[in-house]
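A.B. asks: First residue of the sequence shown? That's 3 in our numbering, and the numbers climb one at a time after it.
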Amino acid sequence: MGTDFPYSSKKDSSLLKWTGRHLPRNVFVFLLMEGRRGEGEMIRELRWNDFNDLADDYYSYFEDLEEDPEFGLVFPFKRPGIDEEAEWFSSLYSQILNGNAVASVAEVDGKVVGMCDVHRIRPGTELQHTGLLGIAIRKEFRGKGIGEQLMRETLGRCRGKFEIIILDVFVTNKRAISLYRKIGFREFGILPRSVKRGDRYFDEMKMYYPLD
Ligand SMILES: CC(C)(COP(=O)(O)OP(=O)(O)OC[C@H]1O[C@@H](n2cnc3c(N)ncnc32)[C@H](O)[C@@H]1OP(=O)(O)O)[C@@H](O)C(=O)NCCC(=O)NCCS
Numbered sequence: 003m004g005t006d007f008p009y010s011s012k013k014d015s016s017l018l019k020w021t022g023r024h025l026p027r028n029v030f031v032f033l034l035m036e037g038r039r040g041e042g043e044m045i046r047e048l049r050w051n052d053f054n055d056l057a058d059d060y061y062s063y064f065e066d067l068e069e070d071p072e073f074g075l076v077f078p079f080k081r082p083g084i085d086e087e088a089e090w091f092s093s094l095y096s097q098i099l100n101g102n103a104v105a106s107v108a109e110v111d112g113k114v115v116g117m118c119d120v121h122r123i124r125p126g127t128e129l130q131h132t133g134l135l136g137i138a139i140r141k142e143f144r145g146k147g148i149g150e151q152l153m154r155e156t157l158g159r160c161r162g163k164f165e166i167i168i169l170d171v172f173v174t175n176k177r178a179i180s181l182y183r184k185i186g187f188r189e190f191g192i193l194p195r196s197v198k199r200g201d202r203y204f205d206e207m208k209m210y211y212p213l214d
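(1) Taking Cβ positions, are Ala-105 and Asp-119 nearer each other than 8 Å?
(2) Just list the beta strand (DSSP E) runs in the segment 121 to 149, keeping only unbroken ones of 3 residues or longer that don't cross its boundaries, in chain order.
(3) Excluding the 5 residues preceding and the 5 following Asp-66 in the sequence, name in chain order all residues of the same chain whose CB lies nearer than 7 Å to its CB.
(4) Less than 8 Å between C-beta atoms, sequence neighbours within five positions excluded: which residues of the same chain meet that for Trp-1?
(5) Which partner residues does Ala-103 have in the DSSP bridge list?
(6) How about Ala-103 and Gln-97: are their beta carbons less than 8 Å apart?
(7) Who does Met-207 pair with in a DSSP beta bridge?
(8) Could you compute how far the alpha carbon of Lys-208 sits from the alpha carbon of Phe-190?
(9) Going by C-alpha distance, which of Phe-172, Arg-202, Leu-181, Tyr-60 is nearest Ile-192?
(10) Please name the residue in Gly-116, Ser-93, Tyr-95, Ile-168 whose C-alpha comes closest to that of His-131.
(11) Can you give the beta carbon distance from Gly-162 to Ile-139, rounded, assuming they're within the 8 Å contact cut?
(12) Can you tell me whether Arg-81 is helix, strand or coil according to DSSP?
(13) Give the DSSP bridge partners of Arg-199, in chain order.
(14) On a CA-only basis, which of Gly-145, Lys-80, Arg-46, Tyr-210 is nearest Tyr-61? Give me that one, please.
(15) Under the criterion of a Cβ to heavy atom distance below 7 Å, does Ile-98 qualify as lining ligand 1?
(16) When you compare each of Pro-194, Leu-48, Asn-175 to Asp-70 by their alpha carbons, which one comes out closest?
(17) In three-state DSSP terms, what is Glu-87?
(18) Per DSSP, Glu-109 forms a beta bridge with which residues?
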């Protein structure tokens, strides 16, 4: 799976990854939250050295797309090379440093398995109080409460930096829509045929979340 990055040998044997797959969801979430407070911080701010894990996570979403033609992320036509990934990451990191983005990651057993980020849509303009949110978790860690924790943490860190958070989601992405509604996002429209994947179109729902 994924790429041939140097870290990828440290897979599969850990207790936490085992717990992630086998423990009941509520116990897993408890351990995750405990981890936040303990030595192995689990939901945390993005760090500079998360690049390898994030690139590997991103490449794994191309595998998801191969398995599921309705997979709910928007993809480039061509899988980006590692050089393009490095450019994306350094751009994200500088946006964080200059106050135009917030990003949190979920870490399990020392490996980043998901990220949620918010970007200022038009810095330096009358739209700069609005942020665009994106989130993705690696396949084997979905449905365990990580996405919800990651979103809540990220939205908490957006307070004082943004006033409105918006997102776009495929209308077919039931899991994501249900999570967003649970958190308090409200629908404000649907853009028909927003995404064109091959000869297939997907409508996207637009949602917003007003921060206090
Ligand atoms: C969408 C995504 C971020 C959600 O994160 P997650 O960790 O899987 O979700 P959680 O386990 O935190 O679930 C939180 C809520 O989502 C909903 N949910 C979770 N799994 C679900 C499922 N299989 N079907 C329907 N709703 C589901 C529920 O409302 C759940 O709350 P509940 O368990 O109290 O009912 C994650 O599944 C993902 O990365 N998917 C692939 C990429 C993607 O679609 N990103 C979003 C693009 S807009």
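Every residue gets a Cβ at the ideal spot worked out from N, C-alpha and C, and that includes glycine. Only a predicted model underlies this, so the values are computations on that prediction, with no experimental measurement involved.
C.D. replies: According to the data block:
(1) yes
(2) 132 to 139
(3) So the list reads Phe-73, Lys-141, once near-sequence residues are dropped.
(4) Missing from the structure shown is residue 1; the chain here goes from 3 to 214 and no further.
(5) Per DSSP, His-121.
(6) yes
(7) Its beta-bridge partners are Val-171, Ile-192.
(8) 6 Å
(9) Phe-172
(10) Minimum Cα distance to His-131 is reached at Ile-168.
(11) Not confirmed; about 26 Å, so no contact.
(12) coil
(13) Arg-202
(14) The alpha carbon of Tyr-61 has as its nearest neighbour, out of Gly-145, Lys-80, Arg-46, Tyr-210, the alpha carbon of Lys-80.
(15) Ile-98 Cβ: outside cutoff for every heavy atom of ligand 1.
(16) Asn-175
(17) helix
(18) Val-114
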